[in-house]
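*Asks:*
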Amino acid sequence: MAEEINTPAAPTAAPTQPAARTDRPARTDRPERSGGDRPPRSPRPAGGPGGGPGGRKFFRRKKVCKFCTEKIDAISYRDVRLLQGFVAERGKIVPRRLTGVCTTHQRQLTVAIKQARNIALLPFAARF
Amino acid sequence: MNRIYEVMFIVRPDATEEDVDKLIEGFSSVVTHAKGEVTAVEKMGRRRLAYTVRKQNDGLFVLLTVSAEGAVVTELERRLRVTEAVIKFITVRMDEELKRQAKKKALRDSRVKRSAQPTYAAEAPATPAAVAEPLAPITPADAAV
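Chain order of the listed sequences is A and B.
Per our numbering, residue 1 is the first one in the first sequence, and the count goes up by one each step.
Per our numbering, residue 1 is the first one in the second sequence, and the count goes up by one each step.
(1) Kindly provide the ranges of any beta strand (DSSP E) runs that are 3 or more residues long and lie completely inside the stretch 34-79 of chain B, ordered along the chain.
(2) Among B:S67, B:E25, B:K43 and B:G45, whose alpha-carbon lies nearest the alpha-carbon of B:K35?
(3) With burial defined as no fewer than 16 other Cβ atoms inside 10 Å of the residue's Cβ, what is the status of A:F124: buried or exposed?
(4) Measuring CA to CA, which of B:G59, B:M8, B:N2 and B:T39 is closest to B:R48?
(5) With a cut-off of 8 Å on the beta carbons, I'd call B:V20 and B:V31 a contact; round off their distance for me.
(6) According to DSSP, is B:I10 helix, strand or coil?
(7) May I ask you to list the residues that DSSP assigns as paired with B:N91?
(8) If we define contact as Cβ-Cβ less than 8 Å, is B:Y51 a contact residue for chain A?
(9) Among the candidates B:N2, B:F9 and B:L23, whose CA atom is the shortest distance from the CA of B:R46?
(10) Spatial neighbours of A:A112 within its chain, please: C-beta separation below 7 Å, excluding the five flanking residues on both sides.
(11) Out of B:K103, B:T65, B:D95 and B:I87, state which residue places its alpha-carbon closest to the alpha-carbon of B:M1.
(12) Less than 8 Å between CB atoms is the rule here; does A:I113 satisfy it with respect to chain B?
(13) Pairing CB atoms from the stretch 93-100 of chain A with CB atoms from the stretch 63-70 of chain A, are three or more of them under 8 Å?
(14) Within 8 Å of any Cβ in chain B, is that where the Cβ of A:F124 sits?
(15) Closest Cβ-Cβ distance between B:V92 and chain A: below 8 Å?
(16) Pop quiz: A:G91 and A:A126 are said to be a contact at Cβ under 8 Å. What is the actual Cβ separation, rounded to whole angstroms?
(17) Taking 8 Å as the CB-CB cut-off, is B:K104 touching chain A?
(18) Could you tell me the alpha carbon to alpha carbon distance between B:E97 and B:R111, rounded to whole angstroms?
(19) Mind listing the chain B neighbours of A:A74? Cutoff is C-beta to C-beta under 8 Å, in chain order.
(20) Tell me whether A:A120 is buried or exposed, calling it buried when 16 or more other Cβ atoms sit within 10 Å of its Cβ.
(21) So, under 8 Å CB-CB, B:R93 and B:Y5 are touching, yes? Tell me the CB distance rounded to an integer number of Å.
(22) Leaving aside the five residues before and after B:V72 along the sequence, list all residues of the same chain whose C-beta is less than 7 Å from its C-beta, in chain order.
(23) Name the chain B residues whose beta carbon is nearer than 7 Å to that of A:L121?
(24) Compute the distance between the beta-carbons of B:Q101 and A:D79, then report whether it is under 8 Å.
(25) When you compare only the Cα positions, how much space is there between B:K84 and A:E70?
(26) Give a yes or no on whether the C-beta atoms belonging to B:L63 and B:E77 are separated by under 8 Å.
(27) Residues of chain A with CB closer than 7 Å to the CB of B:K35, please, in chain order.
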């Protein structure tokens, strides 16, 4: 792995000016290979702040956590109706950026869903 | 040091009520022999399973709430595994969870009590009276001005 990193860096840097080595380390999209020098490139809109599909909109929907507002303490594996609201059609657990659940409750929800799956109250994979 | 567990198990649908009762009794005796306690038994009835288990599509669900030590539950699980009529089971430890819920509830209740003024005034009649008196002379002064 070390040989791969060092040898391409030397030939690509040599044809361009030596000063340009810090500016654009590589023409391909793999800038971090050379190490410390960080190019002044803004990070790609990775998912966006609210998880919107465009990525540039700022906090499109302020969804509140259903459990926090209704003050539901216990998320038990037994209430299948409640859990089914957070499970997709194929049985997959819905991510919290779509449902607006807060982290603590999402974790409890995940545990409950997995317990329910184990006791055959919810499917592991549905609608094959 | 008794811990609280919820044991849910599924019995084959072709078992009769008596069979189910016999099974429940058998498991309860296991717990009580080992100085545990079966706090609740709930027969949740016949339900459709989300996937086929041992070639069955339905099952009779039973929920036992047990208060016992860990070793007792291990023994109970061993029995459940051995019993042919039981097709699936799950044991969930509940005491930490219940403690957490009780704590949250207590916190919520205490917060509510402080905001509800009448109860607070009834508990400490001295303080509201002391607060009320200095306020009284101020208002006529404002009215005069």
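All C-beta atoms, glycine included, are put in the ideal place defined by N, C-alpha and C.
Keep in mind the model is a prediction, meaning the values are calculated, not measured.
*Replies:* Taking the geometry as given:
(1) 37-53 and 56-68
(2) Position 35 of the second sequence, counted from the start, is the residue given in the question as residue 35 of chain B. For B:K35, the nearest C-alpha among the options comes from B:S67.
(3) As a working note, residue 124 of chain A is residue 124 in the first sequence. Exposed, since its Cβ has fewer than 16 Cβ neighbours within 10 Å.
(4) Here residue 48 of chain B is taken as the residue at index 48 of the second sequence, counted from 1. Closest by alpha carbon: B:G59.
(5) As a first step, residue 20 of chain B is located in the second sequence; it is residue number 20 there, counting from the start. As a first step, residue 31 of chain B is located in the second sequence; it is residue number 31 there, counting from the start. The Cβ separation is near 17 Å, so there is no contact.
(6) As a working mapping, residue 10 of chain B is identified with position 10 in the second sequence. Secondary structure at B:I10: strand, using DSSP grouped into helix, strand and coil.
(7) Locating residue 91 of chain B in the second sequence gives position 91, counting from the first residue. According to the sequence as given, residue 91 of chain B is Thr; it is not Asn. Paired residues: B:V7.
(8) As a first step, residue 51 of chain B must be located in the second sequence, where it is residue number 51. When Cβ-Cβ separations below 8 Å define contact, B:Y51 makes contact with chain A.
(9) Numbered from 1 along the second sequence, position 46 holds the residue referred to as residue 46 of chain B. Distances from the CA of B:R46 to each of B:N2, B:F9 and B:L23 were compared; the closest alpha carbon is that of B:F9.
(10) Here residue 112 of chain A corresponds to residue number 112 of the first sequence, with the count starting at 1. Cβ within range, chain order: I75, S76, Y77 and L83.
(11) What you label residue 1 of chain B is simply residue 1 of the second sequence in a count that begins at 1. Proximity to B:M1 across B:K103, B:T65, B:D95 and B:I87 peaks at B:D95, based on C-alpha coordinates.
(12) Here the question's residue 113 of chain A lines up with position 113 in the first sequence. No, A:I113 does not count as interfacial toward chain B.
(13) yes
(14) Along the first sequence, read from residue 1 onward, the residue named residue 124 of chain A stands at position 124. Cβ-Cβ to chain B under 8 Å: yes for A:F124.
(15) Taking the second sequence and counting its residues from 1, one reaches residue 92 of chain B at position 92. Interface residue, yes.
(16) Working through the first sequence from its first residue, we reach residue 91 of chain A at position 91. Working through the first sequence from its first residue, we reach residue 126 of chain A at position 126. Right, their Cβ atoms sit about 4 Å apart.
(17) The residue given as residue 104 of chain B occupies position 104 in the second sequence. Output row for B:K104: interface = yes.
(18) Stepping through the second sequence from its first residue, residue 97 of chain B is reached at position 97. Stepping through the second sequence from its first residue, residue 111 of chain B is reached at position 111. Cα to Cα, the separation comes out at about 21 Å.
(19) Translated into the one-based positions of the first sequence, residue 74 of chain A becomes position 74. Contact note: A:A74 reaches chain B through E97 and Q101, using a C-beta cutoff of 8 Å and chain order.
(20) What you label residue 120 of chain A is simply residue 120 of the first sequence in a count that begins at 1. Its Cβ being crowded by 16 or more others within 10 Å, A:A120 is buried.
(21) Within the second sequence, residue 93 of chain B is the residue found at index 93, counting from 1. Within the second sequence, residue 5 of chain B is the residue found at index 5, counting from 1. Yes, they are in contact, since the Cβ atoms of B:R93 and B:Y5 sit about 6 Å apart, within 8 Å.
(22) Within the second sequence, residue 72 of chain B is the residue found at index 72, counting from 1. Excluding sequence neighbours, B:V72 sits near V31, A34 and G36.
(23) In the first sequence, residue 121 of chain A corresponds to position 121, counting from 1. Ordered by position in chain B, the residues that pass the 7 Å Cβ test against A:L121 are A50.
(24) The sequence position of residue 101 of chain B within the second sequence is 101, counting from 1. The sequence position of residue 79 of chain A within the first sequence is 79, counting from 1. No, they are not a contact pair.
(25) By one-based count along the second sequence, residue 84 of chain B stands at place 84. By one-based count along the first sequence, residue 70 of chain A stands at place 70. The sequence as given places Glu at residue 84 of chain B; Lys does not occur at that position. Their backbone Cα atoms lie some 42 Å apart in a straight line.
(26) Within the second sequence, residue 63 of chain B is the residue found at index 63, counting from 1. Within the second sequence, residue 77 of chain B is the residue found at index 77, counting from 1. Cβ distance not < 8 Å, so B:L63 and B:E77 don't count as in contact.
(27) Counted from its first residue, the second sequence places residue 35 of chain B at position 35. Result: empty, since nearest Cβ-Cβ is about 27 Å, beyond 7 Å.
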